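So the structure is just underneath, and the comments pick up after that.
In the UniProt record's numbering, the protein residues as written are 1 to 456.
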């Protein structure tokens with residue numbers, strides 16, 4: 001009898017332990033990651049879950065909501081090396097991000113872009129489990145096939161362009177429910193591949209998405225139109241100092257009212273000009289130098305803000321030039337330095353962010369700066385600098401803008417020669433730098449832009 005009791009006890013505890021292990025295993029496999037990603041880049045203001053300000057290093061996971069204000073721009077790198085860029089005036093819900101490195105094909109990744117613009121580059125999870133990736137929007141669902149794409153979403157319009165791979169867009173229906181995951185296989189689904197060179201557009205008025213030539217999605221924008229379109233953002237209000245949960249719907253209405261060409265231009269701009277980097281400098285370094293436009297941001301601006309925003313807590317450092325007459329650089333003052341440190345020696349910089357445009361007879365179109373073909377070095381000891389940037393655009397052959405010159409002990413540097421102008425400044429600590437550039441390429445065409453750099 002005693003031996004029977006012992007056997008029963010052993011069996012009971014064994015079953016209990018086995019049950020516990022199975023429960024833990026199932027729970028571990030099914031549970032989404034608490035911290036699925038980390039903010040690696042921030043410009044302007046953004047919030048998580050309505051009231052928590054986003055900072056570089058902020059952790060995000062399943063259930064979190066990222067919302068950017070009118071001057072906000074956020075990059076998130078996820079645990080599977082997936083990348084997401086959330087543009088200004090956007091609201092992105094991370095509904096589920098479940099990734100297991102040992103079984104990536106079992107990943108479940110689901111986003112909901114309630115409004116605004118985002119760029120998504122698939123990580124290992126989405127690449128291995130394409131049947132379990134979903135991006136919902138208010139009017140349609142998006143699935144991927146190993147993809148880098150940009151989408152603009154509102155309550156009645158969806159636009160998308162693909163840089164690599166393909167996406168499948170399906171309007172919601174009985175065969176395509178928002179609650180499901182993966183691409184929908186409905187009768188009115190449309191696939192867009194990168195090699196198609198097309199823009200996908202779907203409106204609540206359409207029965208199914210339609211594909212347009214990409215050239216229709218990259219129209220040039222007249223300078224006057226760009227200024228008119230940017231007027232809602234030209235005046236900064238107390239909105240920039242409150243949580244995202246209190247933002248007005250007015251900006252959304254104004255954004256939806258923009259001409260479609262502006263929206264298309266933003267999509268293409270996101271792919272041609274947005275740069276994800278692996279090692280992001282801290283937020284203070286990113287925000288210490290900021291460009292402000294006296295006339296208010298233009299439709300093609302992505303790292304230029306209104307003068308009021310740029311001047312907040314910063315000193316005027318680079319005055320407007322005859323070439324770009326409404327643009328100035330502002331720099332956060334140093335508490336312990338009056339000038340740069342000559343002991344820094346020769347410092348090489350990496351391109352952090354940029355924007356560029358081609359101006360053809362008063363018409364602006366988005367261009368990009370090639371990070372692989374651009375460099376900046378500053379010799380703080382001998383007071384010299386040298387830089388070169390390459391501007392690319394479908395409208396022109398690649399343009400190289402280069403210059404060399406002196407840098408003052410206050411970190412100011414300038415170069416003007418014939419058809420080229422470069423004006424910029426470094427931080428007094430020498431860990432970041434920024435400059436604007438201009439070049440006349442002839443035949444009534446010029447390129448111009450601004451760049452942000454950080455020290456290696």
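C-beta atoms are modelled at their ideal positions from N, C-alpha and C, and glycine is treated no differently. Note that the coordinates shown come from a computational prediction; the quantities given were computed from them, not determined experimentally.
Only residues of its own chain outside the window of five on either side were considered, and among them 323, 324, 356, 357, 359, 436, 437, 438, 439 have a CB closer than 8 Å to the CB of residue 448, listed in chain order. For the pair of segments examined, the segment 38–56 was found not to touch the segment 91–105: the number of CB pairs separated by less than 8 Å stays below three. For residue 124, the enclosing alpha helix (DSSP H) begins and ends at 124–128. Within the segment 372–426, no complete alpha helix (DSSP H) segment of 4 residues or longer occurs.
Separation of the CB atoms of residue 112 and residue 81 is rounded to 22 Å, and the pair is thereby denied contact status at 8 Å. Here residue 315 carries a strand assignment [DSSP, helix/strand/coil].
Boundaries cannot be given for residue 181, as no beta strand (DSSP E) includes it and DSSP labels it neither H nor E. DSSP places residue 103 outside both helix and strand once states are collapsed to three, so it counts as coil.
In this structure, residue 139 lies near residue 172, with their beta-carbon atoms less than 8 Å apart. In this structure, residue 123 keeps its C-beta atom at 8 Å or more from the C-beta atom of residue 87.
The beta carbon of residue 433 is closer than 6 Å to those of 349, 426, 453 in its chain, skipping five residues each way along the sequence.
A direct Cα-to-Cα measurement between residue 164 and residue 430 gives close to 37 Å.
Counted as a single uninterrupted DSSP element, the beta strand (DSSP E) harbouring residue 327 occupies residues 327–331. With distances taken between CA atoms, residue 422 lies nearest to 318 out of 47, 59, 318. Each of 354, 108, 307 was checked against the Cα of residue 369, and the nearest Cα belongs to 354.
Taking the CA atoms as reference points, residue 65 sits about 33 Å from residue 213.
Cβ-Cβ separation between residue 193 and residue 162: approximately 6 Å, consistent with a contact (criterion under 8 Å).
With contacts defined by Cβ atoms closer than 8 Å, residue 131 and residue 182 form a contacting pair. In the three-state DSSP reduction, residue 110 falls in the strand class (E or B). Cβ-Cβ distances below 6 Å link residue 446 to 359, 440 in the same chain, with the five nearest sequence neighbours on each side left out; the list follows chain order. C-alpha of residue 121 to C-alpha of residue 83: approximately 5 Å in a straight line.
When C-beta atoms of the segment 389–405 are compared with those of the segment 361–377, three or more pairs fall below 8 Å, so the two segments count as touching.
Pairing residue 361 with residue 444, the inter-Cα distance amounts to about 6 Å.
Residues 293, 294, 295, 320 of the same chain have their beta carbon placed closer than 8 Å to that of residue 326, with the five preceding and five following residues left out of the count. The secondary-structure analysis by DSSP pairs residue 152 across a beta bridge with 117, 159.
A direct Cα-Cα distance of roughly 35 Å separates residue 155 from residue 371.
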